[in-house]
Amino acid sequence: MFDLDRWIEIFQTLSKNKLRTVLSGFTIAFAILLFTLLFGIGNGLKHTFEEQFKGDAQNSIYIRSGRTTKPYKGLQSGRRIQFRNEDSKFMNDKFSEKIQFFSPNIERFNVQAIYKGEQNSYTVRGVYPDYQALEEAVMEQGRFLSVLDIKNKAKVVAIGRLVEKDLYGQLSALGKNITLGGISYKVIGVFSDPGGDNDERFIYTPFTTAQGIYKPNDEVDRYGLTFNPSLSVDQALSFSNLLTKLLKEKHNVDPRDQRAIRVQNYAEGTKNVEQFMGVLNIIILFIGIGTLVAGIIGISNIMVYIVKERTKELGIRKALGATPKSIIGMIMMESIFVTALAGYAGLLLGVFTLNALGDSLEKYFILNPSVETYVVVGATIILIIAGTVAGYIPAKRAARIKPIVALNDE
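269 is the number of the first residue of the sequence shown in this note's numbering; add one for each residue after it.
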(Lines of atoms letter the chains of each structure in order from A; the text may use other names.)
(Lines give C-alpha, C1' and ligand atoms only; values in the text may rest on other atoms or scores of the structure.)
Protein backbone atom coordinates (compact mmCIF):
# COMPACT_ATOMS: atom_id res chain seq x y z
CA MET A 269 0.00 0.00 0.00
CA PHE A 270 1.20 3.52 -0.82
CA ASP A 271 2.53 5.19 2.32
CA LEU A 272 2.69 8.97 1.80
CA ASP A 273 4.53 9.60 5.07
CA ARG A 274 7.20 7.06 4.10
CA TRP A 275 7.78 8.75 0.74
CA ILE A 276 7.91 12.21 2.33
CA GLU A 277 10.52 10.86 4.73
CA ILE A 278 12.53 9.34 1.86
CA PHE A 279 12.54 12.62 -0.10
CA GLN A 280 13.58 14.54 2.99
CA THR A 281 16.45 12.14 3.55
CA LEU A 282 17.59 12.40 -0.06
CA SER A 283 17.36 16.21 -0.06
CA LYS A 284 19.46 16.43 3.11
CA ASN A 285 22.14 14.20 1.57
CA LYS A 286 22.39 15.64 -1.94
CA LEU A 287 26.02 14.67 -2.60
CA ARG A 288 25.42 11.09 -1.53
CA THR A 289 22.31 10.85 -3.70
CA VAL A 290 24.02 12.40 -6.73
CA LEU A 291 27.04 10.08 -6.48
CA SER A 292 24.95 6.95 -6.28
CA GLY A 293 22.67 8.13 -9.09
CA PHE A 294 25.63 9.10 -11.30
CA THR A 295 27.16 5.62 -10.97
CA ILE A 296 23.94 4.00 -12.15
CA ALA A 297 23.18 6.51 -14.91
CA PHE A 298 26.72 6.27 -16.29
CA ALA A 299 26.57 2.46 -16.37
CA ILE A 300 23.28 2.49 -18.31
CA LEU A 301 24.52 5.29 -20.60
CA LEU A 302 27.67 3.38 -21.49
CA PHE A 303 25.71 0.16 -21.93
CA THR A 304 23.26 1.90 -24.32
CA LEU A 305 26.03 3.51 -26.39
CA LEU A 306 27.96 0.23 -26.75
CA PHE A 307 24.94 -1.72 -27.92
CA GLY A 308 23.83 1.13 -30.17
CA ILE A 309 27.20 1.29 -31.94
CA GLY A 310 27.23 -2.50 -32.26
CA ASN A 311 23.79 -2.42 -33.89
CA GLY A 312 25.03 0.38 -36.16
CA LEU A 313 27.79 -1.89 -37.45
CA LYS A 314 25.23 -4.64 -37.96
CA HIS A 315 22.99 -2.27 -39.94
CA THR A 316 25.96 -1.34 -42.14
CA PHE A 317 26.54 -4.96 -43.13
CA GLU A 318 22.82 -5.51 -43.70
CA GLU A 319 22.74 -2.46 -46.00
CA GLN A 320 25.52 -3.90 -48.14
CA PHE A 321 23.35 -6.91 -48.96
CA LYS A 322 20.15 -4.96 -49.35
CA GLY A 323 18.44 -5.04 -52.75
CA ASP A 324 19.07 -8.67 -53.66
CA ALA A 325 17.67 -11.90 -52.27
CA GLN A 326 20.02 -13.29 -49.64
CA ASN A 327 19.83 -16.74 -51.24
CA SER A 328 20.88 -15.43 -54.68
CA ILE A 329 23.49 -16.96 -56.95
CA TYR A 330 24.77 -15.14 -60.04
CA ILE A 331 26.71 -16.93 -62.78
CA ARG A 332 28.87 -15.01 -65.27
CA SER A 333 31.17 -16.16 -68.04
CA GLY A 334 34.57 -14.81 -69.02
CA ARG A 335 37.67 -15.96 -70.85
CA THR A 336 39.78 -18.98 -69.99
CA THR A 337 43.17 -18.31 -68.45
CA LYS A 338 44.53 -21.85 -68.77
CA PRO A 339 44.77 -24.26 -71.74
CA TYR A 340 42.68 -27.40 -71.25
CA LYS A 341 42.10 -30.58 -73.29
CA GLY A 342 43.93 -29.20 -76.27
CA LEU A 343 42.03 -25.90 -76.17
CA GLN A 344 43.96 -22.64 -75.92
CA SER A 345 43.68 -20.10 -73.11
CA GLY A 346 41.88 -16.84 -73.85
CA ARG A 347 38.84 -18.69 -75.18
CA ARG A 348 35.54 -16.91 -74.58
CA ILE A 349 32.94 -18.99 -72.71
CA GLN A 350 29.48 -18.41 -74.10
CA PHE A 351 26.36 -19.55 -72.29
CA ARG A 352 23.38 -20.67 -74.38
CA ASN A 353 19.79 -21.79 -73.81
CA GLU A 354 20.96 -25.38 -73.42
CA ASP A 355 22.80 -24.31 -70.26
CA SER A 356 19.49 -23.16 -68.81
CA LYS A 357 17.96 -26.58 -69.44
CA PHE A 358 21.07 -28.31 -68.09
CA MET A 359 20.96 -26.46 -64.77
CA ASN A 360 17.21 -26.84 -64.26
CA ASP A 361 17.27 -30.56 -65.11
CA LYS A 362 20.26 -31.23 -62.87
CA PHE A 363 19.23 -29.16 -59.85
CA SER A 364 15.45 -28.88 -60.03
CA GLU A 365 15.06 -29.57 -56.29
CA LYS A 366 17.71 -27.07 -55.21
CA ILE A 367 16.70 -24.12 -57.42
CA GLN A 368 13.87 -21.89 -56.21
CA PHE A 369 13.80 -19.07 -58.81
CA PHE A 370 15.75 -19.02 -62.06
CA SER A 371 16.34 -16.48 -64.82
CA PRO A 372 18.77 -16.22 -67.72
CA ASN A 373 19.78 -12.64 -68.41
CA ILE A 374 20.63 -10.57 -71.45
CA GLU A 375 21.99 -7.12 -70.63
CA ARG A 376 22.47 -4.05 -72.80
CA PHE A 377 24.08 -0.91 -71.37
CA ASN A 378 23.42 2.72 -72.34
CA VAL A 379 20.32 1.99 -74.40
CA GLN A 380 18.71 5.24 -75.52
CA ALA A 381 15.21 5.53 -74.08
CA ILE A 382 12.83 8.12 -75.52
CA TYR A 383 9.36 9.28 -74.56
CA LYS A 384 8.13 12.23 -76.61
CA GLY A 385 10.67 15.02 -76.02
CA GLU A 386 12.44 13.33 -73.08
CA GLN A 387 15.34 10.92 -73.47
CA ASN A 388 18.06 9.27 -71.39
CA SER A 389 20.31 6.18 -71.39
CA TYR A 390 19.55 3.14 -69.24
CA THR A 391 20.53 -0.49 -68.81
CA VAL A 392 18.00 -2.88 -70.36
CA ARG A 393 17.79 -6.44 -69.11
CA GLY A 394 16.00 -9.33 -70.77
CA VAL A 395 14.84 -11.62 -67.95
CA TYR A 396 12.29 -14.21 -66.84
CA PRO A 397 9.45 -13.34 -64.42
CA ASP A 398 11.46 -15.00 -61.61
CA TYR A 399 13.95 -12.14 -61.79
CA GLN A 400 11.61 -9.97 -59.71
CA ALA A 401 12.25 -12.22 -56.71
CA LEU A 402 16.03 -12.05 -57.22
CA GLU A 403 16.02 -8.24 -57.17
CA GLU A 404 13.22 -8.07 -54.57
CA ALA A 405 11.58 -5.46 -56.78
CA VAL A 406 8.26 -4.09 -55.52
CA MET A 407 5.62 -3.18 -58.09
CA GLU A 408 4.34 0.36 -57.51
CA GLN A 409 2.08 0.30 -60.57
CA GLY A 410 0.95 -2.42 -62.92
CA ARG A 411 2.75 -5.76 -63.00
CA PHE A 412 6.08 -7.40 -63.69
CA LEU A 413 6.78 -9.64 -66.69
CA SER A 414 4.71 -12.82 -67.05
CA VAL A 415 5.16 -16.28 -68.54
CA LEU A 416 2.77 -15.25 -71.33
CA ASP A 417 5.06 -12.30 -72.16
CA ILE A 418 7.96 -14.76 -72.48
CA LYS A 419 5.95 -17.13 -74.67
CA ASN A 420 4.66 -14.38 -76.99
CA LYS A 421 7.98 -12.48 -77.12
CA ALA A 422 5.96 -9.42 -76.21
CA LYS A 423 7.44 -5.96 -76.62
CA VAL A 424 6.62 -4.85 -73.10
CA VAL A 425 8.76 -3.46 -70.26
CA ALA A 426 8.71 -2.93 -66.52
CA ILE A 427 10.61 0.24 -65.67
CA GLY A 428 12.20 1.53 -62.49
CA ARG A 429 10.58 4.34 -60.50
CA LEU A 430 13.33 6.80 -61.44
CA VAL A 431 13.05 5.95 -65.15
CA GLU A 432 9.41 6.99 -64.92
CA LYS A 433 10.40 10.18 -63.10
CA ASP A 434 13.13 11.01 -65.66
CA LEU A 435 11.03 10.49 -68.79
CA TYR A 436 7.42 10.97 -67.74
CA GLY A 437 7.74 13.60 -65.02
CA GLN A 438 4.53 13.79 -63.00
CA LEU A 439 2.67 11.53 -65.42
CA SER A 440 2.13 7.81 -64.91
CA ALA A 441 4.10 5.69 -67.38
CA LEU A 442 1.68 2.77 -67.08
CA GLY A 443 0.18 1.86 -70.45
CA LYS A 444 2.28 4.37 -72.36
CA ASN A 445 4.90 3.58 -74.99
CA ILE A 446 8.64 3.96 -74.64
CA THR A 447 11.23 3.73 -77.44
CA LEU A 448 14.37 1.71 -76.64
CA GLY A 449 17.11 1.70 -79.25
CA GLY A 450 14.61 2.64 -81.94
CA ILE A 451 12.07 -0.08 -81.00
CA SER A 452 8.74 0.77 -79.36
CA TYR A 453 7.64 -1.04 -76.18
CA LYS A 454 4.61 -0.73 -73.91
CA VAL A 455 5.13 0.00 -70.20
CA ILE A 456 3.22 -2.61 -68.18
CA GLY A 457 4.65 -1.83 -64.74
CA VAL A 458 6.70 0.54 -62.57
CA PHE A 459 8.76 -0.88 -59.71
CA SER A 460 10.78 0.33 -56.74
CA ASP A 461 13.84 -1.50 -55.47
CA PRO A 462 15.28 -1.67 -51.93
CA GLY A 463 18.74 -1.50 -53.52
CA GLY A 464 18.30 2.24 -54.08
CA ASP A 465 18.54 4.71 -56.95
CA ASN A 466 20.84 2.69 -59.22
CA ASP A 467 18.53 -0.32 -59.16
CA GLU A 468 15.53 1.91 -59.93
CA ARG A 469 17.04 2.99 -63.26
CA PHE A 470 16.84 -0.45 -64.86
CA ILE A 471 14.39 -1.49 -67.54
CA TYR A 472 13.24 -5.14 -67.74
CA THR A 473 11.85 -6.78 -70.87
CA PRO A 474 10.99 -10.46 -71.58
CA PHE A 475 14.09 -12.60 -72.06
CA THR A 476 12.82 -14.04 -75.34
CA THR A 477 12.18 -10.55 -76.71
CA ALA A 478 15.69 -9.37 -75.84
CA GLN A 479 17.28 -12.58 -77.12
CA GLY A 480 15.46 -12.27 -80.44
CA ILE A 481 16.75 -8.73 -80.89
CA TYR A 482 20.28 -8.92 -79.44
CA LYS A 483 21.22 -12.64 -79.41
CA PRO A 484 19.84 -14.48 -82.44
CA ASN A 485 22.06 -17.53 -81.73
CA ASP A 486 20.45 -18.46 -78.39
CA GLU A 487 23.23 -16.73 -76.45
CA VAL A 488 22.87 -15.81 -72.76
CA ASP A 489 24.94 -13.18 -70.96
CA ARG A 490 24.56 -14.48 -67.41
CA TYR A 491 22.26 -16.28 -65.02
CA GLY A 492 20.57 -15.39 -61.78
CA LEU A 493 18.94 -17.90 -59.47
CA THR A 494 17.99 -18.43 -55.86
CA PHE A 495 18.61 -21.67 -54.03
CA ASN A 496 15.94 -23.46 -52.01
CA PRO A 497 15.57 -21.60 -48.65
CA SER A 498 15.50 -24.96 -46.86
CA LEU A 499 19.22 -25.39 -47.64
CA SER A 500 21.63 -24.42 -44.89
CA VAL A 501 24.47 -22.02 -45.66
CA ASP A 502 26.95 -24.91 -45.96
CA GLN A 503 24.56 -26.87 -48.20
CA ALA A 504 24.08 -23.78 -50.39
CA LEU A 505 27.84 -23.34 -50.72
CA SER A 506 28.22 -27.02 -51.63
CA PHE A 507 25.47 -26.61 -54.23
CA SER A 508 27.18 -23.63 -55.89
CA ASN A 509 30.56 -25.40 -55.84
CA LEU A 510 29.04 -28.45 -57.57
CA LEU A 511 27.24 -26.18 -60.05
CA THR A 512 30.53 -24.45 -60.88
CA LYS A 513 32.30 -27.80 -61.30
CA LEU A 514 29.66 -29.18 -63.67
CA LEU A 515 29.50 -26.02 -65.78
CA LYS A 516 33.30 -26.07 -66.14
CA GLU A 517 33.16 -29.69 -67.22
CA LYS A 518 30.40 -28.91 -69.72
CA HIS A 519 32.39 -26.03 -71.27
CA ASN A 520 35.79 -27.77 -71.10
CA VAL A 521 37.29 -25.38 -68.57
CA ASP A 522 40.24 -26.24 -66.33
CA PRO A 523 38.90 -26.81 -62.77
CA ARG A 524 41.57 -24.40 -61.47
CA ASP A 525 40.54 -21.60 -63.85
CA GLN A 526 38.85 -18.95 -61.70
CA ARG A 527 37.90 -16.48 -64.43
CA ALA A 528 36.25 -18.51 -67.18
CA ILE A 529 33.08 -19.19 -65.17
CA ARG A 530 32.45 -17.11 -62.07
CA VAL A 531 29.75 -18.05 -59.58
CA GLN A 532 28.85 -15.54 -56.87
CA ASN A 533 26.88 -17.08 -54.02
CA TYR A 534 25.39 -14.61 -51.54
CA ALA A 535 25.36 -17.38 -48.96
CA GLU A 536 29.13 -17.01 -48.65
CA GLY A 537 28.81 -13.32 -47.84
CA THR A 538 25.94 -14.09 -45.46
CA LYS A 539 28.07 -16.70 -43.68
CA ASN A 540 30.98 -14.28 -43.32
CA VAL A 541 28.69 -11.54 -42.00
CA GLU A 542 27.04 -13.95 -39.55
CA GLN A 543 30.44 -15.04 -38.25
CA PHE A 544 31.62 -11.44 -37.93
CA MET A 545 28.39 -10.37 -36.22
CA GLY A 546 28.60 -13.34 -33.88
CA VAL A 547 32.08 -12.31 -32.76
CA LEU A 548 31.01 -8.66 -32.55
CA ASN A 549 27.95 -9.54 -30.45
CA ILE A 550 30.10 -11.58 -28.07
CA ILE A 551 32.54 -8.68 -27.68
CA ILE A 552 29.74 -6.16 -27.10
CA LEU A 553 27.98 -8.53 -24.69
CA PHE A 554 31.23 -9.06 -22.80
CA ILE A 555 31.85 -5.32 -22.54
CA GLY A 556 28.21 -4.71 -21.63
CA ILE A 557 28.30 -7.31 -18.87
CA GLY A 558 31.56 -5.78 -17.65
CA THR A 559 29.88 -2.38 -17.57
CA LEU A 560 26.95 -3.75 -15.58
CA VAL A 561 29.26 -5.55 -13.15
CA ALA A 562 31.19 -2.33 -12.61
CA GLY A 563 27.90 -0.53 -11.99
CA ILE A 564 26.75 -3.22 -9.55
CA ILE A 565 30.04 -3.02 -7.63
CA GLY A 566 29.76 0.76 -7.57
CA ILE A 567 26.19 0.62 -6.26
CA SER A 568 27.13 -1.96 -3.64
CA ASN A 569 30.06 0.08 -2.36
CA ILE A 570 28.01 3.26 -2.22
CA MET A 571 25.12 1.53 -0.42
CA VAL A 572 27.48 0.06 2.18
CA TYR A 573 28.96 3.52 2.72
CA ILE A 574 25.52 5.16 2.88
CA VAL A 575 24.20 2.72 5.49
CA LYS A 576 27.37 2.99 7.55
CA GLU A 577 27.20 6.78 7.42
CA ARG A 578 23.61 6.64 8.69
CA THR A 579 24.31 4.31 11.62
CA LYS A 580 23.62 7.02 14.22
CA GLU A 581 20.44 8.07 12.42
CA LEU A 582 19.24 4.49 12.39
CA GLY A 583 20.03 4.17 16.10
CA ILE A 584 17.86 7.20 16.82
CA ARG A 585 15.04 5.73 14.78
CA LYS A 586 15.26 2.46 16.71
CA ALA A 587 15.34 4.32 20.01
CA LEU A 588 12.14 6.10 18.99
CA GLY A 589 10.45 2.80 18.27
CA ALA A 590 11.23 2.02 14.62
CA THR A 591 11.21 -1.69 13.92
CA PRO A 592 14.05 -3.44 12.03
CA LYS A 593 11.54 -4.22 9.26
CA SER A 594 10.62 -0.56 8.79
CA ILE A 595 14.30 0.49 8.72
CA ILE A 596 15.17 -2.16 6.10
CA GLY A 597 12.11 -1.20 4.04
CA MET A 598 13.00 2.48 4.08
CA ILE A 599 16.59 1.91 2.94
CA MET A 600 15.51 -0.51 0.21
CA MET A 601 12.86 1.89 -1.09
CA GLU A 602 15.45 4.66 -1.24
CA SER A 603 17.82 2.34 -3.10
CA ILE A 604 15.18 1.20 -5.61
CA PHE A 605 13.93 4.75 -6.20
CA VAL A 606 17.39 6.22 -6.84
CA THR A 607 18.44 3.27 -9.02
CA ALA A 608 15.27 3.32 -11.13
CA LEU A 609 15.31 7.11 -11.59
CA ALA A 610 19.02 7.28 -12.42
CA GLY A 611 18.76 4.23 -14.71
CA TYR A 612 15.92 5.82 -16.65
CA ALA A 613 17.90 9.06 -16.93
CA GLY A 614 20.89 7.12 -18.26
CA LEU A 615 18.63 5.34 -20.77
CA LEU A 616 17.15 8.61 -22.06
CA LEU A 617 20.58 10.23 -22.30
CA GLY A 618 21.97 7.21 -24.19
CA VAL A 619 19.09 7.12 -26.69
CA PHE A 620 19.29 10.91 -27.15
CA THR A 621 23.06 10.68 -27.79
CA LEU A 622 22.61 7.92 -30.38
CA ASN A 623 19.89 9.92 -32.15
CA ALA A 624 22.04 13.06 -32.06
CA LEU A 625 25.03 11.24 -33.55
CA GLY A 626 22.84 9.63 -36.21
CA ASP A 627 24.26 9.99 -39.72
CA SER A 628 27.53 11.54 -38.50
CA LEU A 629 28.86 8.03 -37.77
CA GLU A 630 28.36 6.74 -41.32
CA LYS A 631 31.94 7.71 -42.22
CA TYR A 632 33.04 5.21 -39.56
CA PHE A 633 30.79 2.51 -41.14
CA ILE A 634 28.21 2.83 -38.37
CA LEU A 635 24.72 3.17 -39.85
CA ASN A 636 21.67 4.13 -37.82
CA PRO A 637 23.09 3.37 -34.35
CA SER A 638 20.19 2.30 -32.15
CA VAL A 639 19.37 -0.10 -29.37
CA GLU A 640 16.32 -2.21 -28.65
CA THR A 641 14.33 -0.84 -25.71
CA TYR A 642 13.97 -4.24 -24.08
CA VAL A 643 17.78 -4.66 -23.90
CA VAL A 644 18.37 -1.42 -22.01
CA VAL A 645 15.26 -1.84 -19.84
CA GLY A 646 16.53 -5.32 -18.95
CA ALA A 647 19.92 -3.89 -18.01
CA THR A 648 18.21 -1.22 -15.88
CA ILE A 649 16.12 -3.86 -14.10
CA ILE A 650 19.32 -5.82 -13.36
CA LEU A 651 20.85 -2.72 -11.78
CA ILE A 652 17.66 -2.08 -9.79
CA ILE A 653 17.78 -5.63 -8.46
CA ALA A 654 21.48 -5.18 -7.71
CA GLY A 655 20.72 -1.90 -5.93
CA THR A 656 17.98 -3.61 -3.93
CA VAL A 657 20.29 -6.44 -2.85
CA ALA A 658 23.11 -3.98 -2.21
CA GLY A 659 20.82 -1.94 0.03
CA TYR A 660 19.25 -4.93 1.79
CA ILE A 661 22.41 -6.59 3.09
CA PRO A 662 23.92 -3.59 4.94
CA ALA A 663 20.43 -2.41 5.98
CA LYS A 664 19.68 -5.76 7.60
CA ARG A 665 23.02 -5.65 9.39
CA ALA A 666 22.38 -2.10 10.57
CA ALA A 667 18.85 -2.97 11.74
CA ARG A 668 20.32 -5.57 14.12
CA ILE A 669 22.56 -3.04 15.90
CA LYS A 670 21.35 -2.07 19.35
CA PRO A 671 20.30 1.58 19.66
CA ILE A 672 22.90 2.39 22.33
CA VAL A 673 25.69 1.02 20.12
CA ALA A 674 24.42 2.93 17.06
CA LEU A 675 24.13 6.19 19.04
CA ASN A 676 27.75 5.87 20.16
CA ASP A 677 28.99 5.31 16.57
CA GLU A 678 31.33 7.95 15.18
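Using N, Cα and C, we set each Cβ at its ideal position, and we do this for glycine too.
Computed from a predicted structure; not experimentally measured.
Simplified DSSP state of residue 399, which is helix, strand or coil = Translated into positions along the sequence shown, residue 399 becomes position 131. Helix at residue 399.
Going along the chain, which residues of its own chain have a beta-carbon closer than 7 angstroms to the beta-carbon of residue 269, five neighbours each way excluded?
-> If you number the sequence shown from 1, residue 269 lands on position 1. The pLDDT assigned to residue 269 is 47, lower than 50, so where the model puts this residue is not dependable, and the model offers no usable value.
Beta-carbon spacing of residue 531, residue 512 below 8 angstroms = Walking along the sequence shown from the start, residue 531 turns up at place 263. Walking along the sequence shown from the start, residue 512 turns up at place 244. Going by C-beta atoms, residue 531 is nearer than 8 angstroms to residue 512.
Euclidean distance between Cα positions of residue 668 and residue 627 | Residue 668 sits at position 400 when you count from the first residue of the sequence shown. Residue 627 sits at position 359 when you count from the first residue of the sequence shown. Distance between the alpha carbons of residue 668 and residue 627: 56 angstroms.
Would the beta-carbon of residue 299 fall within 8 angstroms of that of residue 613?
-> Stepping through the sequence shown from its first residue, residue 299 is reached at position 31. Stepping through the sequence shown from its first residue, residue 613 is reached at position 345. Going by C-beta atoms, residue 299 is not nearer than 8 angstroms to residue 613.
Distance between residue 647 and residue 638 (C-alpha atoms, nearest Å) = By one-based count along the sequence shown, residue 638 stands at place 370. By one-based count along the sequence shown, residue 647 stands at place 379. If I take the Cα positions, the gap works out to 15 angstroms.
From residue 485 to residue 494, what does the alpha carbon distance come to, in whole angstroms?
-> What you label residue 485 is simply residue 217 of the sequence shown in a count that begins at 1. What you label residue 494 is simply residue 226 of the sequence shown in a count that begins at 1. The straight-line gap separating the alpha-carbon atoms of residue 485 and residue 494 is approximately 26 angstroms.
With a CB to CB cut of under 6 angstroms and the five nearest residues on each side skipped, what residues in its chain are close to residue 275?
-> By one-based count along the sequence shown, residue 275 stands at place 7. For residue 275, same chain residues with a beta-carbon under 6 angstroms away, outside a window of 5 residues either side, do not exist.
Taking only the alpha-carbon atoms, compute the straight-line gap between residue 506 and residue 527 and give it to the nearest angstrom.
-> For the purposes of this step, residue 506 is taken as residue 238 along the sequence shown, with counting starting at 1. For the purposes of this step, residue 527 is taken as residue 259 along the sequence shown, with counting starting at 1. Using only the alpha carbons, I get a separation of about 19 angstroms.
For residue 278, which residues from the same chain have a beta carbon less than 8 angstroms from its beta carbon, with the 5 sequence-adjacent residues on both sides left out?
-> Indexing the sequence shown from 1 puts residue 278 at position 10. So the list reads 598, 601, 602 and 605, once near-sequence residues are dropped.
Touching or not, the stretch 455-469 and the stretch 422-430, by the rule of three or more beta carbon pairs under 8 angstroms?
-> When Cβ pairs closer than 8 angstroms are counted between the two stretches, the stretch 455-469 is seen to touch the stretch 422-430, the count reaching three or more.
Alpha-carbon to alpha-carbon, residue 292 and residue 306 | Here the question's residue 306 lines up with position 38 in the sequence shown. Here the question's residue 292 lines up with position 24 in the sequence shown. Computed Cα separation, rounded: 22 angstroms.
Give the straight-line distance between the Cα atoms of residue 434 and residue 388, rounded to the nearest whole angstrom.
-> Translated into positions along the sequence shown, residue 434 becomes position 166. Translated into positions along the sequence shown, residue 388 becomes position 120. If you draw a straight line from the Cα of residue 434 to the Cα of residue 388, it comes to about 8 angstroms.
Going straight from the alpha carbon of residue 607 to that of residue 569, what length do you get?
-> What you label residue 607 is simply residue 339 of the sequence shown in a count that begins at 1. What you label residue 569 is simply residue 301 of the sequence shown in a count that begins at 1. Between residue 607 and residue 569, the C-alpha separation is close to 14 angstroms.
Answer yes or no: do residue 355 and residue 405 have a C-beta to C-beta separation smaller than 8 angstroms?
-> As a position in the sequence shown, residue 355 is number 87, starting the count at 1. As a position in the sequence shown, residue 405 is number 137, starting the count at 1. Contact: no.
Which of helix, strand or coil DSSP assigns to residue 537 | Looking up residue 537 in the sequence shown gives position 269. In the structure shown, residue 537 sits in a helix (DSSP, three-state: H, G or I).
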